[in-house]
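So in the working numbering the end of the sequence shown lands on 325, straight run, no missing numbers. Cβ coordinates follow ideal geometry from the N, Cα and C atoms, glycine included. If you're wondering where the values come from, they're calculated on a predicted model, not measured in any experiment. Working notes for the structure below.
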Amino acid sequence: MGSVSARDIVIEAAEGGYAVGAFNITDVVQMQAVVEAAVEKRAPVIIQTSVKPSKFLRPDVLVAVYRTLAETAPVPVCLHLDHCTDLDHCKKCADAGYTNIMIDASRHSYEENIRQTKAIVDYCHALGDITVEGELGTVGGVEDQIKVAEDEAALADPVQAIEFVERTGIDIFAPAIGTAHGVYKTKNPKIDFDRFAQIQQLVNGGGMLAPLIVHGGTGLKPEVVQRLVALGGAKFNVSTDLKHASIDATYDYISSHRTEYNPGKIDMAAKQAVIARVNYWIDLLGCAGKASCTGDHRS
Ligand SMILES: [Zn+2]
27 MGSVSARDIV
37 IEAAEGGYAV
47 GAFNITDVVQ
57 MQAVVEAAVE
67 KRAPVIIQTS
77 VKPSKFLRPD
87 VLVAVYRTLA
97 ETAPVPVCLH
107 LDHCTDLDHC
117 KKCADAGYTN
127 IMIDASRHSY
137 EENIRQTKAI
147 VDYCHALGDI
157 TVEGELGTVG
167 GVEDQIKVAE
177 DEAALADPVQ
187 AIEFVERTGI
197 DIFAPAIGTA
207 HGVYKTKNPK
217 IDFDRFAQIQ
227 QLVNGGGMLA
237 PLIVHGGTGL
247 KPEVVQRLVA
257 LGGAKFNVST
267 DLKHASIDAT
277 YDYISSHRTE
287 YNPGKIDMAA
297 KQAVIARVNY
307 WIDLLGCAGK
317 ASCTGDHRS
């Protein structure tokens, strides 16, 4: 199976009633942890990097490590660029070998969002099997480069949603429905389930046009996650949860081994913590064991 674009595995998830976990990583140890957890669970998986780590570590370096891990993994693995607002960087990552690109032009006007998103769709589809995620409305919280107060976040308009998907040609679609990045400041974030269901019906009710993506997985109650999956959420983004796991495990290890100078052991502690959280999400999203369901048209 190995390296795949996001579209096929996310469509299979949408049709199968589960979601693929999309996990943000900032280093190679975390990337290995995500892949190892997915292999252990026999789950399709999406590795994501936001823009800053992709620039810091370099797209070509990340792609080289990704391909090495994906080629030997008996599960489909995708490398996705998350929330990129910079068209040139989207293209650079596509050129380097990322298999899915998220162009986030949601801060712009509706027409400009369509124009920029379509430009990246055209570029990626011309390159080959590189698929594209677009966003309509704004996901609240702290995004990598975009800060939006939760209460100011504009939700996706259902009628605009279908037009956005059709005019841009995106493969997978992230409508803002009230989920937020980072840690939720309230115990009961206002998620607009009805809007999500309506968008799912309009976009995918008459045939699968662009499976829906849920951003801001961290901190959502399990029943909220499962409800969104049941309504059609087929790719679920998890970032903050893994960052907390990695940093807390690193801190704990160093605190209890203050006179030891062994970076490898710190890495191992962080890796185990990330694996545990990825396992949790894979089970919650229902994608454990689903790698075996994937078609054999992929190499
Ligand atoms: Zn996001």
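For the pair Arg33 and Leu162, the Cα-to-Cα distance works out to about 18 Å.
Annotation for Asn214 indicates a beta carbon at 7 Å or more from all heavy atoms of ligand 1. Taken in chain order, the whole alpha helix (DSSP H) runs of length 4 or more contained in the segment 69-146 are 77-83, 85-97, 113-122. Each residue's CA atom was taken as its position, placing Leu83 and Ile51 some 11 Å apart. Counting every other CB atom within 10 Å of its CB across the protein chains shown gives Thr285 a total below 16, marking it as exposed. About 7 Å separates the Cβ atoms of His134 and Gln142, confirming a contact at the 8 Å cut-off. In the DSSP assignment, Gly290 falls within the unbroken alpha helix (DSSP H) covering 289-311.
Distances taken from the Cβ of Gly242 to the heavy atoms of ligand 1 include one shorter than 7 Å. Following the DSSP letters along the chain, one finds Ala39 inside the alpha helix (DSSP H) bounded by residues 32-42. Distance check between Thr276 and each of Met294, Ala260, Arg68 places Met294 closest, using alpha-carbon atoms only.
Buried is the label assigned to Thr125, since at least 16 other Cβ atoms lie within 10 Å of its Cβ. Taking all protein chains shown into account, Glu38 has 16 or more neighbouring C-beta atoms within 10 Å of its C-beta and is therefore buried.
Within the same chain, Ile73, Tyr92, Tyr124, Thr125 come within 6 Å of Leu105 by CB-CB distance, once the 5 residues on both sides are set aside. Taking the Cα positions, Ile239 is about 21 Å away from Cys119.
For Pro184, no beta strand (DSSP E) segment is defined; the enclosing uninterrupted segment is the alpha helix (DSSP H) at 184-194.
Bridge pairing for Thr157: Asn126 [DSSP]. Between the alpha carbons of Cys116 and Thr266 lies a gap of roughly 22 Å. Here the segment 179-194 lies against the segment 216-228, with 3 or more beta-carbon pairs under 8 Å apart.
Counting along the chain, no alpha helix (DSSP H) covers Lys261; the unbroken beta strand (DSSP E) around it starts and ends at 259-264.
CA-CA distance, Thr157 to Pro85, rounds to 17 Å.
CA-to-CA, the gap between Glu138 and Ala145 works out to about 11 Å. In this structure, His106 has its CB at a distance of at least 7 Å from all heavy atoms of ligand 1. Contact between Val101 and Ala317 holds: their C-beta atoms lie close to 4 Å from each other, under 8 Å. The Cβ-Cβ distance between Met128 and Leu95 does not fall below 8 Å.
The C-alpha of Lys67 is placed about 7 Å away from the C-alpha of Asn305. If you look at Leu254, you'll find it in the alpha helix (DSSP H) that goes 248-256. Gly231 and Phe199 have their C-alpha atoms spaced approximately 14 Å apart.
Closest option to Gly42, judged by alpha-carbon separation, among Leu107, Trp307, Val255, Ala202: Val255.
Relative to ligand 1, the nearest heavy atom lies less than 7 Å away from the CB of Asn263. In this structure, the beta-carbon distance from Gly312 to Tyr149 does not fall below 8 Å.
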